[in-house]
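Comments concern the structure below.
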Amino acid sequence: MELVTNIPTLEALSKCSIEPYDAIYLGNPYCWDYDGNLISNFNDLDVAIEMLREMGKKVYITTFAAPRNADLPKIFKLIDKALELNVDAIESTNYGVINYIKKEHEFKVHAGGFTNIYTSATVELLENMGVERIMPAYELSIEDIEKFKEYKVEIEVVIHGKIPLGISHNCFLLEFKNDVGLDCPHLCKQEIWYKSDDLVLKPFGNATLSGKDLCMYEHIEMLNELKLDAYRIESISERIGYREIVGKIYRRRLKDGFNKEDFEKLKSLAEHGMCNGFYFNKAGQIYVGGLNG
Amino acid sequence: MVELLAPGGSLEMVEAVFDAGADSVYVGVKGWSRRASRYELDDGELIKAIKIAENHGKSVRAAINAMPKSDESRMFREKLDFLYSIGIDAIIMNDIGLMRIVKDYYPDLKIVASIGCNILNYEEARFYKNAGARMIVADCKLSMDELREIKERAKVGIEVLIHANTDFTYLGKCWMSSYKALKVESINGKSYYVGSPNRGGVCFRPCLMKWSLKGQKTYTENFNLPNTMFLLLDEIPELVSFVDCLKIQGREYSTGLIKKIVEFYRDFMDACLSGSVNLDDWRVKLYELAEQRDAERIRKTIELMKVANNEIRI
Numbered sequence: 004m005e006l007v008t009n010i011p012t013l014e015a016l017s018k019c020s021i022e023p024y025d026a027i028y029l030g031n032p033y034c035w036d037y038d039g040n041l042i043s044n045f046n047d048l049d050v051a052i053e054m055l056r057e058m059g060k061k062v063y064i065t066t067f068a069a070p071r072n073a074d075l076p077k078i079f080k081l082i083d084k085a086l087e088l089n090v091d092a093i094e095s096t097n098y099g100v101i102n103y104i105k106k107e108h109e110f111k112v113h114a115g116g117f118t119n120i121y122t123s124a125t126v127e128l129l130e131n132m133g134v135e136r137i138m139p140a141y142e143l144s145i146e147d148i149e150k151f152k153e154y155k156v157e158i159e160v161v162i163h164g165k166i167p168l169g170i171s172h173n174c175f176l177l178e179f180k181n182d183v184g185l186d187c188p189h190l191c192k193q194e195i196w197y198k199s200d201d202l203v204l205k206p207f208g209n210a211t212l213s214g215k216d217l218c219m220y221e222h223i224e225m226l227n228e229l230k231l232d233a234y235r236i237e238s239i240s241e242r243i244g245y246r247e248i249v250g251k252i253y254r255r256r257l258k259d260g261f262n263k264e265d266f267e268k269l270k271s272l273a274e275h276g277m278c279n280g281f282y283f284n285k286a287g288q289i290y291v292g293g294l295n296g
Numbered sequence: 052m053v054e055l056l057a058p059g060g061s062l063e064m065v066e067a068v069f070d071a072g073a074d075s076v077y078v079g080v081k082g083w084s085r086r087a088s089r090y091e092l093d094d095g096e097l098i099k100a101i102k103i104a105e106n107h108g109k110s111v112r113a114a115i116n117a118m119p120k121s122d123e124s125r126m127f128r129e130k131l132d133f134l135y136s137i138g139i140d141a142i143i144m145n146d147i148g149l150m151r152i153v154k155d156y157y158p159d160l161k162i163v164a165s166i167g168c169n170i171l172n173y174e175e176a177r178f179y180k181n182a183g184a185r186m187i188v189a190d191c192k193l194s195m196d197e198l199r200e201i202k203e204r205a206k207v208g209i210e211v212l213i214h215a216n217t218d219f220t221y222l223g224k225c226w227m228s229s230y231k232a233l234k235v236e237s238i239n240g241k242s243y244y245v246g247s248p249n250r251g252g253v254c255f256r257p258c259l260m261k262w263s264l265k266g267q268k269t270y271t272e273n274f275n276l277p278n279t280m281f282l283l284l285d286e287i288p289e290l291v292s293f294v295d296c297l298k299i300q301g302r303e304y305s306t307g308l309i310k311k312i313v314e315f316y317r318d319f320m321d322a323c324l325s326g327s328v329n330l331d332d333w334r335v336k337l338y339e340l341a342e343q344r345d346a347e348r349i350r351k352t353i354e355l356m357k358v359a360n361n362e363i364r365i
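Residue numbers (our numbering), protein chains in the order written: chain A, 4 to 296; chain B, 52 to 365.
Next comes the structure, spelled out in structure tokens:
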């Protein structure tokens, strides 16, 4: 079982923050202009990879999640760089890019959460293409994901953090730069939320994330029974310290079992509460508790 | 000749859009498309829709673009067999894996890659073409130059929406609605996820709720996340020179309104093809239609929000 997380910039990468993890996805897939984004700052990427290698971590590089024609040359350049650095895999959520990598380079590919993987037929197609790992669509339930186990492709699921709920062609948050008094690239690094009735969302570049933290802490045994290949902690938009604390908590969870104090800590870190409804065929923002809660 | 494709949310609408000049109509297969089931057609109605089309010398596409559960693949095959047996002209699909299955079993059946595929670049268009799609539906956010480049490089048919809505997010890559509310139901044994457009239910349109922007304080409030009417006019004379199909969305609108919209675009396309047009005159007419259309959409949105809040059922 691999415990993975994502880190957008060199600034966010510290030895403490990555210590609990086996592998790291480098780069922010939601905005090229994100300050210090490792997918567009190759000097920083060199340093980040060297640091991860020294710590014995696996290195994955992510790519822009919604590429238009004009984005493709930049992505191809990043792929060349990833090949040069011999990273362990490239993550993409675009079928065109995935196909390009497999056809042109035969490199390891992880198909991320925006790839829209809903059916066994698509898992089979990706397996036949040689894709090494998939992340099922975020709104699938555990019973849906279980069906994908009959294929050889590895499966990665989010076990904690703010999950992406949508992606667009631009950053809508910039409409409010005058209201907030900040502009790109500082605006999306603030703790800012869209709120309406019971719904809270977190704007982050071209993506919109869940306001609540998805949390499967109480359900790890159930997930373990499925024998999945990787658990992801989504921390791309998080403040300093979150990645390290949550990573350590889940590392202890996997080794030692449920710990009430750790669970309470996760609750306290979730500014707008916790959720995991999608995994149980319910609305995503609902939280389904386990026997330990 | 560019095809004008119109919605068929009911048999009455199918008849009306052909009368209004549509070249083809698309209908949702009950329980299997990205709209509420009441705007989809059951098996008997699908057969009747094809008869209506034949009487007009026109064609029918079936939208079977909801993502099924993995254990519903047999039901998908049965539905596919049925659609093929009744002589459907094309099917609109979303799932790339199922598309490959259709290509293998019915290589002569035309596949259209749905708007839900969210195809954004020429590499992706090529990939869908190789998977079996003969035509792709372009996202409303793509520019004319991007459409031309996709057409030139991927050499695949392109369908462009001329009446639709542009959403806050890319269509097909959004889970905001099912994050807010989700009801798992069943239609003829097939799961039906009310709240998840990707999985065949409605979208509750959370974009159109009243939002506020909050951090250390409330920065602003009472705004919508972008979700606006998308009506093309000025672009159509250029589009007809290189795309293959112009599509009018709107299975959920009233038949009377859709008929007027189809008539408008039929007349406009004919005028474009026959020579010069005075765009100002056409803009005035389109503005009137847009007002009627928006009034209907607001009513529908209020209804959907009530469903999301469990105040009513659909």
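Where is the CB? At the ideal position from N, CA and C, for every residue including glycine.
Q) Going straight from the alpha carbon of B/SER25 to that of A/LEU81, what length do you get? A) Outside the displayed span of chain B (52 to 365) sits residue 25 of chain B, for which this structure offers no information.
Q: Can you tell me which of the three DSSP states B/GLU367 falls into?
A: One cannot answer for residue 367 of chain B here, as it falls past the ends of chain B, which runs 52 to 365.
**Q.** Segments of 3+ residues assigned as beta strand (DSSP E) that fall wholly inside the region 23–63 of chain A
**A.** 26–29
Q) Would you say A/THR12 and A/ILE236 are within 7 Å of each other, going by their C-beta atoms? A) no
Q. Using a Cβ-Cβ distance under 7 Å, would B/PHE315 count as near chain A?
A. no
Q: On a CA-only basis, which of A/ILE104, A/LEU229, A/ASN209 is nearest A/LEU129? Give me that one, please.
A: A/ILE104
**Q.** Interface residues of chain B facing A/VAL156 [CB-CB closer than 7 Å]
**A.** None at all; the shortest Cβ gap to chain B is about 12 Å.
**Q.** Beta-carbon contacts of A/ALA286 that lie in its chain and below 8 Å, excluding the five residues immediately before and after
**A.** GLY280
Q: Spatial neighbours of A/PHE110 within its chain, please: CB distance less than 7 Å, with the 5 preceding and 5 following residues excluded, ordered by chain position.
A: LEU86, ILE93, ILE104
Q. From which residue to which residue does the alpha helix (DSSP H) around A/HIS172 run?
A. Note, A/HIS172: premise wrong, no alpha helix (DSSP H); not H, not E.
Q. If B/TRP226 sits next to A/GLY169, beta carbons under 8 Å apart, how far is it from one beta carbon to the other, in whole angstroms?
A. 7 Å
Q: Pull up the distance between the alpha-carbon of A/ASP91 and that of A/GLU241, whole angstroms please.
A: 24 Å
(Q) Can you tell me whether A/ALA273 is buried or exposed? The criterion is at least 16 other CB atoms within 10 Å of its CB, across all chains shown. (A) buried
Q: Could you spell out the range, first to last residue, of the alpha helix (DSSP H) harbouring B/ASP318?
A: 306–325
Q) Is there at least one Cβ from chain D nearer than 7 Å to B/MET227's Cβ? A) The displayed structure is made up of protein chains A and B, and chain D is not among them.
Q.
Quick check on A/HIS1: does DSSP put it in helix, strand or coil?
A. For chain A, the structure presents residues 4 to 296; residue 1 of chain A sits outside this window and is missing.
Q) Which word fits B/GLN267, buried or exposed, when buried means at least 16 other C-beta atoms lie within 10 angstroms of its C-beta? A) exposed
Q: Pick helix, strand or coil for A/VAL203, following the three-state DSSP scheme.
A: strand
(Q) Counting only beta-carbon separations shorter than 7 Å, does B/SER121 have a partner in chain A? (A) yes
Q.
By the 9 Å beta-carbon criterion, what residues does the region 59–72 of chain A contribute toward chain B?
A. ALA68, ALA69, PRO70, ARG71, ASN72
Q | Start-to-end residues for the beta strand (DSSP E) that takes in B/PHE281 | A | 279–282
Q | Environment of A/ASP36 [buried if 16+ CB atoms lie within 10 Å] | A | exposed
Q: Provide the residue span of the beta strand (DSSP E) that contains B/PHE274, from first to last.
A: 269–274
Q) So, B/GLY240 versus B/SER229, is the Cβ gap smaller than 7 Å? A) no
Q. First and last residue of the beta strand (DSSP E) that includes A/ASP91?
A. No beta strand (DSSP E) holds A/ASP91; DSSP gives it neither H nor E.
Q: Rank A/GLU14, A/ILE195, A/GLY250 by C-alpha distance to the C-alpha of A/PHE207 and give the top, closest one.
A: A/ILE195
Q. Are any of the Cβ atoms in chain A nearer than 7 Å to that of B/LYS261?
A. yes
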